[in-house]
Structure formats: C-alpha cells, structure tokens
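Residue numbers (this note's numbering), protein chains in the order written: chain W, 1 to 380; chain Z, 1001 to 1380. Heads up, the thing below is written out as structure tokens.
Protein chains: 2
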Amino acid sequence: MASVTPWEAKGNIDYDRLIQEFGTQPLDKTLQARLIRIAGEDHHFLRRDIFFSHRDMKWLLDEYEKGNKFFLYTGRAPSGPIHLGHLLPWLFTKWLQDKFHVRLLFQFTDEEKFLFKEGLTLTEAKHWLEDNMLDVAAIGFDPELTDFLIDTKHAGMMYPEAIKVAKRVTFSTAKAVFGMTNQTNLGAIFYTAMQAVPAFLPSIYANKKIPCFIPHGIDQDPHFRVTRDVLPKIGFDKPAAIHCRFLPGLGGMESDGKMSASDASTAIFTTDDQKTVKRKIMKYAFSGGQATTEEHRKAGGNPDVDVAYQWLTFFEEDDHKLKRYYEDYKSGKLLTGELKQILVDKINAFLKEHQARREQLKGKLDRFIIKDEAAFERYQ
Amino acid sequence: MASVTPWEAKGNIDYDRLIQEFGTQPLDKTLQARLIRIAGEDHHFLRRDIFFSHRDMKWLLDEYEKGNKFFLYTGRAPSGPIHLGHLLPWLFTKWLQDKFHVRLLFQFTDEEKFLFKEGLTLTEAKHWLEDNMLDVAAIGFDPELTDFLIDTKHAGMMYPEAIKVAKRVTFSTAKAVFGMTNQTNLGAIFYTAMQAVPAFLPSIYANKKIPCFIPHGIDQDPHFRVTRDVLPKIGFDKPAAIHCRFLPGLGGMESDGKMSASDASTAIFTTDDQKTVKRKIMKYAFSGGQATTEEHRKAGGNPDVDVAYQWLTFFEEDDHKLKRYYEDYKSGKLLTGELKQILVDKINAFLKEHQARREQLKGKLDRFIIKDEAAFERYQ
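Set out below in structure tokens:
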C-alpha cells in the first residue's frame, strides 16, 4: 500500500489515484500545450508527464495572458544534504522563471524539520540551511529575480501574517489533513501557517492580489490545500500549483520510496564526486536486467522497472536517445552495466556543472537573501 | 462555582483553593517579611495579602542576595481600554523596579486577543496596543530600565525562540492546561509559546541564566506553568512569580467577576473623567449598607461585601484610615454615600496624576520600545 504525506512517500505510487485522493487536476495535454505555447519552448518534464497534476493553472495562465504576471513560490526544509530528487521541482521552477521572466520567492523552512524530527537541533538546521541555499542558488536562478525567505530570519515579516492563516484553521483540520494527534507538539501544529505565508506575502506589500504559482512535489499538497482553503477568507487568491512525481531511490520506488537523504545508499547527493556517483549507481541501482549477460541478450531487460532507465526519463532531455535506450535495453542489445554507465555519464556531467556553480556561489548568497520589506515592492 | 482561567475569572473566588488547584505556594509572612526587608520598605499589597501566592520566590531572593539580580517580566494583551484592575500587578511591578533597581521586560501580546476572540481584527488590536502602551508607560516605569516587547513587531526575535518551547509542549498538555479542543485554531494553540519567550530572551543574549520574576494576576498562571515546565528542558531556569488577587467589578465579585473592560458599567477606565468616576461608583458600586439611612445608623453596614470598601483595600495605602473606614462603616457612623465619596476622591486623585503622565507621554513611547537585540545586553 502506497503512502504519501508531507513526510513520507513509499510504495508503488498510483499517481492517478493520488490525483483523486488529493483532489487535484490531471495536467492534460491541452493545458500542457498551452503552457508550452506561452513559454515558447517544450520541456521534457511536461511531455513525459513528470509534472502530472495541478491546481488552478488555467486561471493562472488566463491571468498571465491578461497581463497579470504571477510569481513563483517553492521551498526547502533544511535538514540534510540535497539529493537529485530535491532538484526536480527546482529545475522546472528555473525553466518557468526563464521562460516567463517572473520573480521567485524561495522559502527555507529552517524550523520545520526541527519541529517535526525529534533529534534535529536548530544548530544542525542552520548548518543545512547554509548548505542547501548554495544548492538552490546553484540551480542557476536569476539573482535579480530571486528572493530567499528564511523562516527564522524573516519571522518578523512572517509571524504577523502567519497568525492570520492560523486563526482560520482548527486543530480538527490539522488532524484530518496532517494526521496530527494529541502528542503532536504546538510548533508542528502551527507550522503549516508559516508555509502558507509566501503565497500572499508579496500581495501584502504590493497592496494588490498577485497570482502565485507553486511548483512542488505532490507530497506537499496537504499544506497547500490548507493554504488554498484559507487565503480567500483573508482576502487573497488561492495559489495555483503544478505537481511532480517522485524520483525513486536507487533501490526503486517499491523498496526505497522516493529518494531520501536519510539513507546514503539510495540517494545521490549534489556533492557526491564522480567516483561515488558511479559506485552508487553500479552497486545500488535496481536493475531490470537478466541474471547473466547471455540471458539478457536473449530475453532482454525490463526498462519499466529498471531504476537507471527511470532516472534517464528525468535527466535525459533528448527523446530520441531515451527511446533508443528503452528499445535497446528491452531487446537485450543494451546491457545493464552499459545502461548504468550512460546514466553515470549523464548525472556526472550535470553534477560537474552544478558543483562548479556551487563553488562559485560560496560567500555570495547575500544577494539572494531578503534584506527587508522593500524586496516585495519588486513583485508588483 | 468560581471559574478562573486565563480568559475568565468569575464567582466568589476561594484564593486558598486556587493555590491548591494551581499548585502555587502561599506567600507566607516569613517570605513577605524577607521581601520587605530587602526592599527596605513595606507595601500595602503585601501586608494586605493582595499578592497572596508565588512560585519560587525563595530561590529568587536567594539568588538576589548572592548578587544575581533578576529582571521583571509582565505584560498585557491589547484588546480594549485599560481599567483599574489591569493596573494592580503593574503598580506592584513599578514598586519592585524602584526598590530592587532591576530591568523590566514588558510584553504586549498584540496577537493574543486576535487569536482568542473571533471578532477582534489586527487593526483594532494595533489601536489598543498604542493606547495601552501609554497607560503602561504612565505607571511611571523608569525608561532607562524598561523595555516594551511587542509580539508582532518583535516576532523576528521571538518566533525562533518560541519554537524551542513549542517543540516541548504537546496538544495533550494544551488541552489539559488551557481546555483547548478540536475547534481551537492553530494560532491560539501555539500562542502560549510566545508568552514563554520573555522569561528567557534576556538569557539568550546574555549567554547566561538571568533569573526572571513575573508579577501577574493568578489567572495567567496556566501559561507560566507551561513555561516553568519547559524552560529547564531547554537550558534555562524556571521563572519565579508572584500572584495578585482580582479587583472585583463594580457589581462585586459574585455578580461581575474580576473587573472587565467588556462591560463599561463594571469597570473604571484610566481615561474616565472625574465625573464619570463619581457617577459609576455612586450608581454601580455594590453596597454593603442598609436600605435607609435610619436602618444603616442602627444596624451598620457590611464592609466585607461592600465594593467601595473592597476597592479601598487596594487603593488606600494608609492602614489607619482603612481601619477607621471599616469600623465606621460597620458601626453605621459612615454612610454608603460617604464611603463611596471617599473612594471617588481616592480614585480621582490617582487618575488625575495618571492621566497627566499619560498626556505627557504621547508621542514619546519610542524610548520604551525595543529597537534591536542590543537591548538585551543591558540585562547582564
């Protein structure tokens, strides 16, 4: 049985069922085509249904075409190193920023994991905040269009807004949406109000409703369901959202669930060196191949369960290449080791550039971090 | 049946039973005498048991005599005008500040009533914040030793500390201590963590444990019970506290409960003019006298239920005068109208000075309001 909450995603996930359960909309071909038309460019995350679900995107694009630009909002709860799975919504967010030339408000919820994980200290969270900000900046967001909002640092702006949300959400709702119990702590109970704030903070300072568009992993939807429920009650529009599938851990979705930083053998981190990437993929990536080369040549592999192939659907932009890998693996022409090497090369090429940008950005994050309320004047 | 919670105090309150129920300590004569000895002066709030209960005052005075000065912490939730009942703990706080020459951290919980009262807007709360700050400053606190901490304004300093408290308090505890239910909103649930913060905020910046002493109405004890439970778990000492009785409303404790701003006929506000004070006391103060002058002269009055007399125990510092009023009223020598006039004169003399200070302070509150973290360096 698959389980998807803001804290866990495990099992073979039936994404159609998730759309039904969460009450989101499937990202159908018409809407996809419209997004691509306005963007002026296609994206393999779209045509491969990696972004597969949404809320209110039709409204968002209507507003955009009327000249009412949206801003992007996404985020990260610092509690460990960044792995490839974390990057998916951010890579797509960068593409949206580039194509639509819109601002991005990136929230670092540096209190979230402190409140939800017994063992994590605020000092550790602060360490990971610094580390994670580097990775986010290294995605290549435009510093002129990007603002980092940090919950503990910017609480002065956020708490007075969060209470407006919090007043409109009962413990009953928190129980139903997040599975909270009598043993949940008061900070964890309140937290969802802090995650709602970026969706309307620019509207507060602009003194007009600015549409908000949130690319995120589908597991965060419960938070934004609360946000969407409350915002119209306090004078703002519901934010629109676009949801992506999970990158499976190296052991595959059924065994590992979505990629998780807590098990180093299932995740590839942005700071892993080329050898480590190769070793992890060669050793741990669940294979759809046969037990011996002979058998594989004869019977062929199963790309649909092969993690190396699955990952290539996320990281190989070229449809022709991907199709060839699929067919060659299925026919037995491509061996598991060869398919894995293709993935290793792809990931290492990506990480080489990412790590170079990461190094360059050390000590240079200040220009991303919000200084004061004036930052929001640029959202109008 | 008397009911005492942070939101209500009604009925004939049995203060001994409250000590038992809340688990506080009676302020016995030995401790009272020690406080008076160190202060170098007596206070009628002490010798009349208006401050009747405490937590950890022995420890606090031990520390003080070892040279480890405490700071005072008290507060106010702005949601309406200030009445005489609000002033009691503040008047005593001023006396403590003067006698012990210690800093006062005064918290304005300007989000509290917004979160707990359905109808109150943040704009109204802000209006009352400005108004109430004037009254607090008009008490005569030393501006050099007093800092106003405002929850929404200083959330940047407070929220990162509040989450440390919030992590250690479960919803179970909030249910047991505050009677919270599934219908309570998330902000109200979190709120007690914000009220805990001033008790250790100076210790954070001083990087050492500074004893904290909280004079307050006994009804706020549930909040500080939570604070005292959590602080040792996050590296701080439990704050000490001293608790005062309630000033009854004009109709008396049984009918009105403690003085409340929500019924103008039971309260005298700091901004009431001399005529209004006289009218309210003459018209509404519950009388322990007889129906006619003749009967009163013969049978005498009952000062123990007479509100004018009760109030004089709070506002007439002179024991001899008070004793005379008691005896003369009981004997029938003093009529109800005469006793009320004595009270009117006393209150009006007090308010005349208070209102003059209040006027003088208009536009001059900035020196009380905390500018930045540097304020806390003065607490060491």
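Using N, Cα and C, we set each Cβ at its ideal position, and we do this for glycine too. As the structure is a computational prediction, the values presented were derived from the model and not from experiment.
With 16 as the cutoff for other CB atoms within 10 Å, does residue i come out buried or exposed?
i	result
W/W59	exposed
W/Q220	buried
Z/P1143	exposed
W/H393	The displayed coordinates of chain W run from 1 to 380. Any statement about residue 393 of chain W would go beyond what the structure contains.
Z/H1243	buried
Z/E1161	buried
Z/K1283	exposed
Z/I1013	buried
W/E353	exposed
W/P215	buried
W/R225	buried
Z/S1053	buried
W/H320	exposed
Z/L1063	One detail in the question is off: residue 1063 of chain Z reads as Glu in this sequence, not Leu. Buried, by the Cβ-count rule.
W/R17	exposed
Rounded to whole angstroms, what's the CA-CA distance from residue i to residue j? Just pull it up for me.
i	j	result
Z/Q1254	Z/N1185	The sequence given here places Glu at residue 1254 of chain Z; Gln does not occur at that position. Taking the straight line joining both Cα atoms gives about 31 Å.
Z/I1218	Z/E1021	11 Å
Z/P1202	Z/T1227	15 Å
W/K69	W/I163	27 Å
W/M1	W/G337	Confidence at W/M1 is low in this model, with a pLDDT of 44, below 50, so the placement of that residue should be treated as unreliable; the coordinate-derived value is given next. So the alpha carbons of these two residues sit roughly 31 Å apart.
W/G176	Z/L1084	Reading off the sequence shown, one finds Ala at residue 176 of chain W, where the question assumed Gly. When rounded, the distance between both Cα atoms is 44 Å.
Z/D1131	W/Q195	33 Å
W/A206	W/A199	13 Å
W/M133	Z/Q1032	56 Å
Z/D1237	Z/A1193	16 Å
W/E359	W/A138	9 Å
W/Q310	W/G249	10 Å
W/G156	W/E373	10 Å
Z/T1313	Z/A1188	36 Å
W/K405	W/R324	In the structure as shown, chain W begins at 1 and stops at 380. Residue 405 of chain W is therefore absent and cannot be evaluated.
W/A267	W/R279	12 Å
W/I210	W/T181	35 Å
W/G75	W/M158	15 Å
W/E377	W/K208	11 Å
Taking C-beta to C-beta, are residue i and residue j nearer than 9 Å?
i	j	result
Z/T1024	Z/R1048	no
W/V277	W/I347	yes
W/K340	W/S265	no
Z/T1270	Z/L1091	no
W/F171	W/I370	no
Z/A1285	Z/V1307	yes
W/R301	W/K258	Note that residue 301 of chain W corresponds to Gly in the displayed sequence, not to Arg. Contact: no.
W/M57	W/A349	no
Z/K1153	Z/D1110	yes
Z/V1102	Z/R1168	no
W/F178	W/Y73	no
W/E112	W/D151	yes
Z/P1078	Z/K1029	no
W/F190	Z/F1190	yes
Z/T1438	Z/L1334	Beyond the ends of chain Z as shown, which are 1001 and 1380, falls residue 1438 of chain Z; an answer cannot be given.
Start and end of the alpha helix (DSSP H) containing residue i?
i	result
W/Q97	L84 to F100
Z/A1138	L1122 to A1138
Z/I1163	A1155 to A1166
W/D319	D319 to S331
W/G221	It should be noted that the sequence gives Asp, not Gly, for residue 221 of chain W. Unbroken alpha helix (DSSP H) run through W/D221: D221 to V230.
Z/F1045	H1044 to R1047
W/F315	V307 to F315
W/D345	T336 to L361
W/I36	K29 to A39
Z/F1148	Careful: Z/F1148 lies outside any alpha helix (DSSP H), inside the beta strand (DSSP E) at T1146 to I1150.
W/Q183	Taken as a continuous stretch (DSSP letters only), W/Q183 belongs to no alpha helix (DSSP H), as it is neither H nor E.
Z/T1382	The structure shown does not extend to residue 1382 of chain Z, since chain Z is modelled only from 1001 through 1380, so no value can be given for it.
Over the uninterrupted beta strand (DSSP E) stretch that includes residue i, give me the two end residues.
i	result
Z/R1055	F1051 to R1055
W/F213	C212 to G217
Z/A1241	A1240 to C1244
Z/Q1380	Careful: Z/Q1380 lies outside any beta strand (DSSP E) and carries neither H nor E.
Z/D1016	Here Z/D1016 belongs to no beta strand (DSSP E); instead the alpha helix (DSSP H) covers Y1015 to F1022.
W/Q107	L104 to F108
W/T266	Careful: W/T266 lies outside any beta strand (DSSP E) and carries neither H nor E.
- When the Cβ atoms of the segment 1034-1051 of chain Z are set against those of the segment 1103-1112 of chain Z, are three or more pairs found closer than 8 Å? no
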